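Heads up, the thing below is written out as structure tokens.
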């Protein structure tokens with residue numbers, strides 16, 4: 062649900078650049094587990110302060126899968142182009158974020174490798190992200206940082222992804238889209254720093270020592286400077 066009352070219905074189809082009868086693929090359980098492990102591992106490394114001299118995170122949560130976010134991400138991927146939605150918010154997520162990846166080649170697309178590559182490339186933007194960017198997301202920046210910062214938002218609690226495969230002009234293509242519970246907001250922190258990683262957690266993760274567990278009561282719609 063967006064500012065002008067517009068919305069996307071995950072049960073309907075929308076115009077796309079796809080060849081006729083191109084099916085949107087269903088994320089398998091194994092792919093879902095891969096995505097969550099990759100993203101949460103990168104969130105953990107960042108929260109611990111192990112990434113590019115960026116500060117430790119006071120209260121960053123483990124992400125869990127959200128079916129509604131996944132359906133909306135699949136609708137975006139189903140356009141067969143690398144283009145952000147004008148509206149992806151829901152009743153539960155007022156500031157939903159979105160990362161997109163696209164690649165193509167003449168050989169067979171390995172979906173697992175593409176999912177991994179997408180998340181790796183998003184995370185690689187940490188190399189040009191500064192502590193100042195983390196403290197207050199900038200209105201403008203010469204460096205591309207938005208995918209990494211969406212990945213490590215401390216307001217984000219859930220994620221859902223989708224992808225599509227198609228062939229055109231003898232090339233095979235894939236688009237991967239992941240929607241997050243929250244996104245980058247200009248002037249607000251990507252995450253709050255802490256002297257101790259996870260020091261603000263009420264419920265610590267048993268798997269990722271620097272992250273809060275999934276029971277941590279974080280509201281993705283609450284903006285705090």
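Residue numbers (my numbering): 62 to 286. Beta carbons are placed, not taken as given, at the ideal position from N, Cα and C, and that holds for glycine. The structure presented is a predicted model; accordingly, all values stated were derived computationally and were not measured.
Self-check item: Per-residue DSSP class, three states only, for residue 112
Solution: Residue 112 sits at position 51 when you count from the first residue of the chain shown. Coil, per DSSP.
Quiz item: On the three-state DSSP scale, how would you describe residue 186?
Solution: As a first step, residue 186 must be located in the chain shown, where it is residue number 125. Of the three classes helix, strand and coil, the one that applies to residue 186 here is helix, per DSSP.
Quiz item: Buried or exposed: residue 247, going by 16 or more other Cβ atoms within 10 Å of its Cβ?
Solution: Numbered from its first residue, the chain shown carries residue 247 at position 186. Residue 247 comes out exposed.
Quiz item: What are the boundary residues of the beta strand (DSSP E) that residue 277 is part of?
Solution: By one-based count along the chain shown, residue 277 stands at place 216. Neither: residue 277 is in no beta strand (DSSP E) and is coded neither H nor E.
Exercise. Within the same chain, show all residues whose beta-carbon is closer than 6 Å to that of residue 227, passing over the 5 residues directly before and after it, in chain order.
Key: Along the chain shown, one-based indexing puts residue 227 at 166. In its chain, beyond the 5 residues on either side, 79, 80, 83, 141, 234 have a beta carbon closer than 6 Å to the beta carbon of residue 227.
Quiz item: So, helix, strand or coil for residue 229, using DSSP?
Solution: Walking along the chain shown from the start, residue 229 turns up at place 168. In the structure shown, residue 229 sits in a strand (DSSP, three-state: E or B).
Quiz item: What residues match up with residue 164 in a beta bridge as DSSP calls it?
Solution: Along the chain shown, one-based indexing puts residue 164 at 103. Bridge partners of residue 164 according to DSSP: 235.
Exercise. Can you say whether residue 160 is buried or exposed, counting buried as having 16 or more other CB atoms within 10 angstroms of its CB?
Key: Position 99 of the chain shown, counted from the start, is the residue given in the question as residue 160. Residue 160 counts as buried, since no fewer than 16 other beta carbons sit within 10 angstroms of its beta carbon.
Exercise. Measure the alpha-carbon distance for residue 111 versus residue 231 and round it to whole angstroms.
Key: In the chain shown, the residue the question calls residue 111 occupies position 50. In the chain shown, the residue the question calls residue 231 occupies position 170. Those two C-alpha atoms are separated by around 43 Å.
Quiz item: Can the beta-carbon of residue 254 be found less than 8 Å from the beta-carbon of residue 116?
Solution: For the purposes of this step, residue 254 is identified with residue 193 of the chain shown, where counting begins at 1. For the purposes of this step, residue 116 is identified with residue 55 of the chain shown, where counting begins at 1. Against a cut-off of 8 Å, the Cβ pair of residue 116 and residue 254 comes out as a contact.
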